[in-house]
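Counting from 16, one number per residue, gives the positions in the sequence shown under the working numbering.
Down below is the structure, laid out as structure tokens.
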Amino acid sequence: MSVTLVFLDEALTENAHQMEALLQQQQYDEALLCMDERLALIASLVQLAKEDPAQRQGVATLANTLATQEASMTALATSHHQTIFKQLTQVGRANKAGRAYRVNSKEF
Numbered sequence: 016m017s018v019t020l021v022f023l024d025e026a027l028t029e030n031a032h033q034m035e036a037l038l039q040q041q042q043y044d045e046a047l048l049c050m051d052e053r054l055a056l057i058a059s060l061v062q063l064a065k066e067d068p069a070q071r072q073g074v075a076t077l078a079n080t081l082a083t084q085e086a087s088m089t090a091l092a093t094s095h096h097q098t099i100f101k102q103l104t105q106v107g108r109a110n111k112a113g114r115a116y117r118v119n120s121k122e123f
């Protein structure tokens, strides 16, 4: 692996760990920024493969590793998406109940 490929490998691995930690801590805005950084790193990996044909085998190996990471992160993000949706549903129900209470209390 070249220094650039090693750097990208380490950066993408660190990014995956950071994103997982941010999702676990429910820091969703920071996780989105981390996802943007990940996309930039992946774009750099694609560019490396285009510019240096000798690196294509290493890039392909790293891409396989990334596919496994992506599957894990997708499952984690889906889980958090469901949790957020449930929380929003509960808030919506609470707001609806609050409005009904206010309407009914004005009648008396």
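Virtual Cβ for every residue (Gly too), placed ideally from N, Cα, C.
Values in this document were obtained by computation on a predicted structure and should not be read as measured data.
### Task
Thinking glutamate 45 and leucine 37 are a contact (beta carbons under 8 Å), I'd like their distance in whole angstroms, please.
Translated into positions along the sequence shown, residue 45 becomes position 30. Translated into positions along the sequence shown, residue 37 becomes position 22. Separation of the CB atoms of glutamate 45 and leucine 37 is rounded to 5 Å, and the pair is thereby assigned contact status at 8 Å.
### Task
Could you tell me the boundaries of the alpha helix (DSSP H) in which alanine 46 lies?
Here residue 46 refers to the residue found at position 31 of the sequence shown. Counting along the chain, the alpha helix (DSSP H) containing alanine 46 begins and ends at 43-66.
### Query
Is there contact between the stretch 83-97 and the stretch 63-74, where contact requires at least three CB pairs shorter than 8 Å?
no
### Query
Is glutamine 70 helix, strand or coil by DSSP?
Reading the sequence shown from its first residue, position 55 is the one you call residue 70. Helix at glutamine 70.
### Query
Between the beta-carbon of leucine 23 and the beta-carbon of leucine 47, is there less than 8 Å?
Position 8 of the sequence shown, counted from the first residue, corresponds to residue 23. Position 32 of the sequence shown, counted from the first residue, corresponds to residue 47. No, the pair does not count as a contact, with Cβ atoms beyond the cut-off.
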